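Encoded as structure tokens, the structure appears first; notes follow it.
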Amino acid sequence: VKGDLALFPDAPTERGTRHVGEIIDHDGIIFILVLREAKKFSPNWETDPMFSQKLSEAREKNIPIIPVRISFDGKMLYYHGKIPLADF
Numbered sequence: 001v002k003g004d005l006a007l008f009p010d011a012p013t014e015r016g017t018r019h020v021g022e023i024i025d026h027d028g029i030i031f032i033l034v035l036r037e038a039k040k041f042s043p044n045w046e047t048d049p050m051f052s053q054k055l056s057e058a059r060e061k062n063i064p065i066i067p068v069r070i071s072f073d074g075k076m077l078y079y080h081g082k083i084p085l086a087d088f
């Protein structure tokens, strides 16, 4: 998280890039964030430009990209709603 911006990934992810490429023609992508301070979501261009480019391609094809916030208290998961995408 940088300020209120949740960035993904925090390390290069060949697997994540491959998964986005596999679902780019259908489905959607859900990012589950356990980050209370996150108010917006963006791919992390600095850390993984290949993943970020694939996610950008998915967005251009109108594939739903849905970042949601949750919390966990040790027993239960709590849903705190969707957060918007930052411009990317």
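Its first residue numbered 1, the sequence shown is counted upward by one per residue in our numbering. Ideal Cβ placement from N, Cα and C applies to all residues, glycine included. As the structure is a computational prediction, the values presented were derived from the model and not from experiment.
Whose CA, out of L77, L55, L35, A11, lies closest to the CA of P43? L55
Can you tell me whether R69 is buried or exposed? The criterion is at least 16 other CB atoms within 10 Å of its CB, across all chains shown.
buried
Q: Compare the C-alpha of G21 against each of M76, K82, M50, E46 and name the closest.
A: M50
Report buried or exposed for F88, applying the criterion of at least 16 other Cβ atoms within 10 angstroms of its Cβ. exposed
Per DSSP, the bridge partner or partners of L85: F41
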